[in-house]
Structure formats: C-alpha cells, structure tokens
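Here the structure is laid out as structure tokens; the discussion comes afterwards.
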Amino acid sequence: MPYKDILYDVQGAVAIVTLNRPDRMNALTLATHGELARAIDEAAGFQGKIAAARGGPATCSGSVPRGKCPTVTWTGSRCR
C-alpha cells in the first residue's frame, strides 16, 4: 500500500523514512502515525538500518490527532 504522509526509500542497507507534509510543517496525524508504524514494520523485514529524515523546513511541528489516539506497543522488532 502506498504512503501519503511519508516517503519510504531503501538505499543499500538503509531504509529512509521522510516526513512528507511540508505544507503542515510535518505535523503528525493519526494517519501519519499509522504510516510510520507500517514503514518501521516494513523496514524490520531486512537486515539494515532505519534513518529518519525531514521533508521541508520543519522536522515536526507536533501532533494534530483527531479522535482517539491509537496505542502503539513493541513486540520484538514489530510495532503494533
């Protein structure tokens, strides 16, 4: 499934996850949280490293959740 709020790229043994909401100063939404969890889960499938990057001038201006925030827990190398 393609991502909307992040960019995901693999370069060699490094998965690069970039926040891609520069128009909103990369503020995190519930959808962005879900995409980040999926990207981390996808990157856990190979023997490499994960690098986080920013898109645009802001690393992240905060979180703008609407509705109930999901609970994220780690089980081994997987995020649920």
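Residue numbers are given in my numbering: position 51 of the sequence shown equals residue 124, and the series is strictly consecutive.
Glycine included, every Cβ here is placed at the ideal spot set by N, Cα and C.
Taking 8 Å as the upper bound for CB-CB distance, Glu108 and Ile79 are in contact here, some 5 Å apart. DSSP places Ala112 within a helical segment (H, G or I) once states are collapsed to three. Within the same chain, Cβ atoms closer than 8 Å to the Cβ of Pro130 are found at Pro95, Met98, the five residues on either side in sequence being excluded. Looking at the DSSP output, Gln84 bridges to Val87.
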